[in-house]
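Heads up, the sequence shown is in this note's numbering, so the first residue is 327 and it goes up one at a time. Where is the CB? At the ideal position from N, CA and C, for every residue including glycine. Working notes, structure below.
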Amino acid sequence: MRQILQCLLSPRLYKIYYDGTPYYTKNKLERWGSNVIISANAMLNLGIYSSPLLLMYLYRRGLYTVDEMKTMGRVFGGIGCIIAASLLLRAVGRVYNPEYMKFMKVLNQDRRDMREYLMSIRMYDFDFSHWPVSFAVPRKAKSWSISNPFKNSANPDMGFLFRLLIQILAIFASRTFAIRLIYPGTLSVIHNLLVGPALLHGRTQLVEVHDGKRAKIATADGNHIDTMFVDKRGDTRGDMLVICCEGNSGFYEVGIMVTPIKAGFSALGWNHPGFATSTGMPFPSQEHNAIDAVVQYAKKELGFQENQLVFFGWSIGGYTATWAAVKYPACKALILDATFDDLLPLAERQMPASWRRLVREVVRSHVDLHIAELISNYSGPVKLVRRTEDEIICLEQGKLKSNRGNHLLLKLLEARHPETLEKHGPAMAAYAALRDSQRVGV
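So, in structure tokens, the structure goes:
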């Protein structure tokens with residue numbers, strides 16, 4: 327009975343590394359129970375996202391009467407009983423699965439020697455919420471003077487009441503749909519239903535092929551960040567650590583991390599707050615704390631010096647990579663691939679013109695990803711990679727001159743060579759808008 331109670335809320339086991347099978351094999355009881363619980367969780371997430379429409383539908387159908395509420399209560403009570411039975415069924419199945427009980431023995435062993443403990447549990451892939459914290463940054467107290475959403479306004483020309491209304495709408499929008507539109511990787515439906523198997527396969531490749539070491543890092547604001555480190559020290563280029571910052575739908579398991587690994591560099595990948603198993607949401611302050619914790623982990627736990635760090639940002643990940651380069655200016659280099667200069671023009675292009683003031687308030691007050699402004703404060707080596715067929719950061723589809731990477735380059739040149747840009751600015755802008763084939767003979 328004690329083992330059954332222990333397994334009621336124990337973590338899901340996905341994979342036993344190096345056992346030659348793609349997934350951990352559940353017995354029938356555990357599989358049946360897990361399927362019901364997973365389905366119920368998916369329905370719950372769907373219900374949360376569609377709750378405004380669902381509540382409106384129930385209201386229009388007149389289902390808020392006492393009798394209807396009693397019926398709905400019985401329905402939800404029945405669903406609760408089914409879920410409780412499924413939890414019990416899953417727990418019994420786990421108890422009678424020797425592989426799972428072996429995993430539980432490893433998970434519950436003594437943690438006094440944390441390094442030995444981490445080596446043991448890294449043989450398994452399981453729910454990250456049960457993973458121990460490998461490295462923690464001291465917590466920071468929240469300050470209202472810093473986080474006050476009414477402190478600044480992106481529409482100072484408006485009257486007080488209209489400005490206040492826009493600010494309230496922006497707070498609601500940024501914390502509901504806006505942040506998820508900017509960072510689709512936060513949507514649970516994406517990583518649970520669409521890319522879940524791919525993430526597991528990617529982690530398996532990183533662990534079994536590249537000897538990757540997974541770790542949970544606690545940030546200054548209390549988030550937990552999922553990281554993966556591949557150590558190439560001992561190889562020609564392995565003393566350099568490339569810290570990879572993924573795009574708005576990217577995960578380290580299936581993202582850019584493999585590029586530096588194949589090139590022979592050590593690599594450290596991490597998932598944005600709210601992506602896959604990382605907690606939180608990718609607002610700028612949480613992004614800052616996340617990348618700062620990752621860098622401190624690289625320096626204090628992994629043993630790299632600041633001048634051995636290269637920050638590699640893909641698309642929107644260029645923001646965190648640039649912020650880190652500014653925060654740690656002694657880093658070796660900054661690489662920005664398919665990155666834009668400022669989020670605002672891209673956001674305005676995607677939304678109706680009538681929403682312009684709200685979009686400006688959301689971006690400037692809550693998700694102000696102004697990479698060009700940041701990069702002006704970094705004086706180290708920078709490499710910009712522009713994708714000529716990129717449809718995301720071009721304001722006009724198919725027109726290279728509207729690629730926001732051009733603006734990022736010009737802003738960088740303006741910060742470092744102001745006299746040259748002032749003298750030849752139009753010519754340099756025109757040159758930046760050309761394809762390689764068009765530059766021949768220019």
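* For my contact list, E674 and V685 are in at a C-beta cut-off of 8 Å; report their separation, rounded to the angstrom. => 6 Å
* To do: Take the Cβ of H456 as the centre, count every other Cβ of all protein chains shown within 10 Å, and call the residue buried at 16 or more, exposed below.
  => exposed
* Integer Cβ distance of D694 from P610, believed to fall under 8 Å -> 6 Å
* F452 and L379 look like a contact to me (Cβ under 8 Å); what is the Cβ gap, rounded to whole Å? -> Contact doesn't hold; Cβ gap of about 35 Å is too wide.
* Asked: Beta carbon of K653, beta carbon of D618: below 8 Å?
  -> yes
* Spatial neighbours of L747 within its chain, please: CB distance less than 8 Å, with the 5 preceding and 5 following residues excluded, ordered by chain position. => L736, L739, E740 and M754
* Going by C-alpha distance, which of L355, S460, Y443 and A410 is nearest E627? -> S460
* Would you call the CB atoms of S592 and V556 closer than 8 Å? -> yes
* To do: Report the partner residues of G554 according to the DSSP bridge assignment.
  => Here residue 554 turns out to be Met, not Gly, going by the sequence shown. R540 and G595, per the DSSP bridge assignment.
* CB of R540 within 8 Å of CB of T530, strictly -> no
* Can you tell me the Cα-Cα spacing of S500 and L491, whole angstroms? -> 14 Å
* Apart from the five residues just before and just after Y426, which ones in its own chain have a Cβ nearer than 7 Å to its Cβ? -> L339 and R420
* So I769 and N574 are in contact, right, with Cβ under 8 Å, and what is the actual spacing, rounded? -> Coverage of the chain is limited to positions 327 through 768, which leaves residue 769 absent and any answer about it impossible.
* Sheet register partners of K709 (DSSP bridge) -> I661
* Tell me where the beta strand (DSSP E) around F638 begins and ends. => L635 to W640
* Under the assumption that W640 contacts V620 (Cβ atoms under 8 Å), give the Cβ distance between them as a whole number of angstroms. => Actually they are not in contact, since the Cβ atoms of W640 and V620 sit about 15 Å apart, beyond 8 Å.
* Asked: Given a threshold of 16 other Cβ atoms within 10 Å of its Cβ, counted over all protein chains shown, does Q612 qualify as buried or as exposed?
  -> buried
* Beta-carbon separation of F476 and Y450 under 8 Å? -> no
* To do: Give the single residue among I363, A504, R713 and A647 whose Cα lies nearest to the Cα of Y661.
  => It is Ile, not Tyr, that sits at residue 661 in the sequence shown. The option with the nearest alpha carbon to I661 is A647.
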